[in-house]
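S.K.: Can you read through this structure? Questions will come right after.
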Amino acid sequence: MTLVTLSNASLFDTSDKRIVGGSERQMRYVADALISEKIPFTVLSSNVPPTGGNIDIGLELINVWNQDDSMIKKIFLLYKAIKNSQSCLYLRGVSVANLAVALFGKLCRKRITLGTTSDLHCAKSGAFWADLERRLLFLLSSNLLCQTKEQAELIKENFGCRSRVFRNIINPSRLGNLEILPKFNEREIDVIWIGNLDPRKGPEKLIKIAHALDSCRFVVIGGPIPGHEEFAKATSVNINKLSNVSMLGAVEPQNIGRFLSKSKLLISTSQVVYRGLTKEGFPNIFLEAWHFGVPVVSMNSNPDGLLNSNRLGKVCDTTEETTSYIAKITSNRREWERISLAARKYASSRDVLQSDVRKTLIAEIVG
27 MTLVTLSNAS LFDTSDKRIV GGSERQMRYV ADALISEKIP FTVLSSNVPP
77 TGGNIDIGLE LINVWNQDDS MIKKIFLLYK AIKNSQSCLY LRGVSVANLA
127 VALFGKLCRK RITLGTTSDL HCAKSGAFWA DLERRLLFLL SSNLLCQTKE
177 QAELIKENFG CRSRVFRNII NPSRLGNLEI LPKFNEREID VIWIGNLDPR
227 KGPEKLIKIA HALDSCRFVV IGGPIPGHEE FAKATSVNIN KLSNVSMLGA
277 VEPQNIGRFL SKSKLLISTS QVVYRGLTKE GFPNIFLEAW HFGVPVVSMN
327 SNPDGLLNSN RLGKVCDTTE ETTSYIAKIT SNRREWERIS LAARKYASSR
377 DVLQSDVRKT LIAEIVG
């Protein structure tokens with residue numbers, strides 16, 4: 027099997043310091059599953075630092091191209107890498123690079139499994155070239171895996187393509203796994219917000235909620251992303267005006283558990299971007315929170331209705347409803363413990379440290 031992650035190799039090579047996204051983390055968890063099952067595989071990436079960092083035993087990392095290579099050279103090198111790769115290619119997300127991978131894969135008679143990421147990529151955008159890119163990538167894929175039922179329905183409705191649903195996975199050992207989790211009264215953070223300081227993440231909603239709940243302690247983890255530095259700077263200034271909010275900046279994924287394990291609630295304020303959709307798919311941070319027994323309160327994202335009926339948290343339509351729910355759960359130990367237990371149970375069902383989860387994952391990718 028060959029894993030293709032041309033955007034980032036930082037979870038495979040410690041010398042790569044680029045920003046890590048949810049798609050890269052999912053790719054890393056797939057690699058962990060393959061290593062545990064002793065299945066040989068390679069990872070195709072790009073712009074890997076020449077110094078070289080720590081790479082896991084059983085993992086072969088191939089640098090397809092370097093940043094300074096010309097476009098023609100990159101295309102040639104990518105075709106060569108795909109031609110020499112193993113028979114099954116696994117890639118995630120919609121991009122021009124992944125479309126090229128799928129096209130070359132078809133030419134070289136490879137089996138292509140594509141995993142979706144954002145809900146936005148599963149619907150038509152109204153832009154001709156973007157929609158053509160999505161349609162071609164879906165059609166070229168031998169095996170299309172969606173994160174949620176909603177994504178599968180969107181792809182069928184908008185592009186006429188069939189897909190299967192396989193929800194995101196988690197590897198707790200990469201989050202600072204804790205055998206004994208703090209109890210309700212031992213959790214010093216009432217509400218934690220984790221994400222990029224991106225307008226689509228809706229941090230201004232968090233500011234309004236935190237202002238209304240001045241007796242609750244909030245922690246914000248996240249930093250700027252390219253193109254939104256000024257927004258991030260302005261947001262940070264406004265957050266720092268609130269005495270009950272601690273702004274920690276960006277935190278490495280392996281350290282996230284230190285903060286989630288001390289939190290009572292995770293809040294998601296991701297905003298609707300287009301046609302009722304957010305930029306999310308199945309947020310990794312939801313799974314990570316649930317692993318540490320943290321209920322989720324979300325203003326829009328609700329993958330496959332997991333937040334319905336207050337099972338693993340709640341989806342709220344307004345800041346007022348969100349504020350009310352936070353006040354209720356952070357002061358109600360019995361209710362919190364009920365949801366926390368259900369959250370941990372669900373996260374365990376997606377844990378690649380479990381043999382049955384690994385085997386199911388690999389079977390889905392191979393198709």
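Positions 27 to 393 (our numbering) are the ones given, in order, by the sequence shown. The C-beta atom is built at its ideal place from N, Cα and C for all residues, glycine as well.
Straight-line CA distance for glycine 302 to leucine 180?
M.R.: In a straight line, the C-alpha of glycine 302 is about 12 Å away from that of leucine 180.
S.K.: Report the three-state DSSP secondary structure of threonine 386 (helix, strand or coil).
M.R.: Correct three-state label for threonine 386: helix.
S.K.: Give the single residue among Glu361, Ser113, Asp330 whose Cα lies nearest to the Cα of glutamate 176.
M.R.: It is Asp330 whose Cα lies nearest to the Cα of glutamate 176.
S.K.: Go through its chain and collect everything with a Cβ distance to isoleucine 293's Cβ below 6 Å, but skip five positions before and after it.
M.R.: Here the set comprises Val217, Trp219, Val323.
S.K.: If you run the structure through DSSP and keep just helix, strand and coil, what is arginine 359?
M.R.: DSSP places arginine 359 in helix when its eight states are reduced to three.
S.K.: Assuming serine 289 and valine 320 are in contact, meaning their beta carbons sit under 8 Å apart, how far apart are those beta carbons, in whole angstroms?
M.R.: Yes, they are in contact, since the Cβ atoms of serine 289 and valine 320 sit about 5 Å apart, within 8 Å.
S.K.: Report the rounded CA-to-CA distance for isoleucine 270 versus isoleucine 215, giving the unit in angstroms.
M.R.: It is asparagine, not isoleucine, that sits at residue 270 in the sequence shown. C-alpha separation (whole angstroms): 10 Å.
S.K.: Can you tell which of Leu146, Ser374, Thr28 has the C-alpha that lies nearest to the C-alpha of valine 127?
M.R.: Valine 127 has its Cα closest to that of Thr28, out of Leu146, Ser374, Thr28.
S.K.: Leaving aside the five residues before and after alanine 368 along the sequence, list all residues of the same chain whose C-beta is less than 7 Å from its C-beta, in chain order.
M.R.: For alanine 368, where only same-chain residues beyond five positions count, the Cβ hits under 7 Å are Arg337, Leu338.
S.K.: Put methionine 97 into one of helix, strand or coil per three-state DSSP.
M.R.: It is helical.
S.K.: Nearest-angstrom Cα distance between arginine 54 and phenylalanine 38?
M.R.: So the two alpha carbons sit approximately 7 Å from each other.
S.K.: Starting from the Cα of isoleucine 138, find the closest Cα among Ser189, Phe257, Phe102, Ser96 and give me that residue.
M.R.: Cα-wise, what sits closest to isoleucine 138 is Ser189.
S.K.: Cα separation between glutamate 346 and isoleucine 391?
M.R.: The alpha-carbon atoms of glutamate 346 and isoleucine 391 are separated by roughly 42 Å.
S.K.: Span of the alpha helix (DSSP H) holding glutamate 50?
M.R.: First-last of the alpha helix (DSSP H) with glutamate 50: 48 to 62.
S.K.: Just reading off the beta strand (DSSP E) that lysine 290 is part of, what are its end residues?
M.R.: Element bounds for lysine 290: 289 to 294.
S.K.: Thinking C-alpha only, which one of Lys100, Gly141, Lys132 is nearest glycine 307?
M.R.: The candidate whose alpha carbon is nearest that of glycine 307 is Gly141.
S.K.: From proline 252 to serine 327, what does the alpha carbon distance come to, in whole angstroms?
M.R.: Whole-angstrom Cα-Cα distance: 23 Å.
S.K.: Hey, how far is the Cα of arginine 51 from the Cα of asparagine 194?
M.R.: If you take the alpha carbons of arginine 51 and asparagine 194, they lie about 10 Å apart.
S.K.: Buried or exposed, going by whether 16 or more other CB atoms sit within 10 Å of the CB of asparagine 266?
M.R.: Exposed: under 16 other Cβ atoms inside 10 Å.
S.K.: Quick one: what's got a C-beta closer than 7 Å to arginine 384's C-beta in the same chain, skipping five residues either side?
M.R.: For arginine 384, where only same-chain residues beyond five positions count, the Cβ hits under 7 Å are Ala59, Ser62, Glu63, Val378.
S.K.: DSSP three-state label for cysteine 242, please.
M.R.: Residue state, collapsed to three classes: coil.
S.K.: Between which residues of its own chain and asparagine 222 is the CB-CB distance below 6 Å, once the five residues before and five after are set aside?
M.R.: Excluding positions up to five away in sequence, the list reads Gly248, Ile251.
S.K.: Going straight from the alpha carbon of leucine 87 to that of serine 71, what length do you get?
M.R.: Rounded to whole angstroms, leucine 87 to serine 71 spans 7 Å at the Cα level.
S.K.: Quick one: grab the DSSP three-state call for serine 262.
M.R.: Correct three-state label for serine 262: helix.
S.K.: Do isoleucine 233 and leucine 286 have their C-beta atoms closer together than 9 Å?
M.R.: Contact flag unset, no.
S.K.: Hey, out of His147, Phe318, Phe257, whose CA is closest to lysine 182's CA?
M.R.: Of His147, Phe318, Phe257, the residue nearest in Cα terms is His147.
S.K.: Is it true that the CB of phenylalanine 318 sits closer than 9 Å to the CB of leucine 207?
M.R.: Yes, they are a contact pair.
S.K.: Could you work out which residue in Leu333, Glu205, Arg118, Ala123 is closest to phenylalanine 12 when comparing CA atoms only?
M.R.: Residue 12 lies beyond the residue range present for the chain, which begins at 27 and ends at 393; the question has no answer from this structure.
S.K.: From the DSSP output, in three-state form, read off asparagine 169 for me.
M.R.: Correct three-state label for asparagine 169: strand.
S.K.: What distance in whole Å lies between the Cβ atoms of valine 120 and glutamate 159, which are believed to be in contact at a cut-off of 8 Å?
M.R.: Correct: roughly 7 Å between the Cβ atoms.
S.K.: Which word fits tyrosine 116, buried or exposed, when buried means at least 16 other C-beta atoms lie within 10 angstroms of its C-beta?
M.R.: When all chains shown are included, tyrosine 116 counts as buried.
S.K.: Can you name the start and end residues of the beta strand (DSSP E) that asparagine 310 belongs to?
M.R.: Here asparagine 310 belongs to no beta strand (DSSP E); instead the alpha helix (DSSP H) covers 310 to 317.
S.K.: Measuring CB to CB, does threonine 143 end up less than 9 Å from glycine 48?
M.R.: It is a contact, given that the beta carbons lie within the stated cut-off.
S.K.: Pick out whichever of Ser375, Lys132, Thr356 has its Cα sitting closest to the Cα of lysine 209.
M.R.: The residue with the shortest Cα to Cα distance from lysine 209 is Thr356.
S.K.: Quick check on this structure: which residue in Asn281, Pro225, Leu333 has the alpha carbon closest to the alpha carbon of serine 366?
M.R.: Ranking Asn281, Pro225, Leu333 by Cα distance to serine 366 puts Leu333 first.
S.K.: Quick check on the burial criterion: 16 or more other C-beta atoms within 10 angstroms. Buried or exposed for serine 335?
M.R.: Classification for serine 335: exposed.
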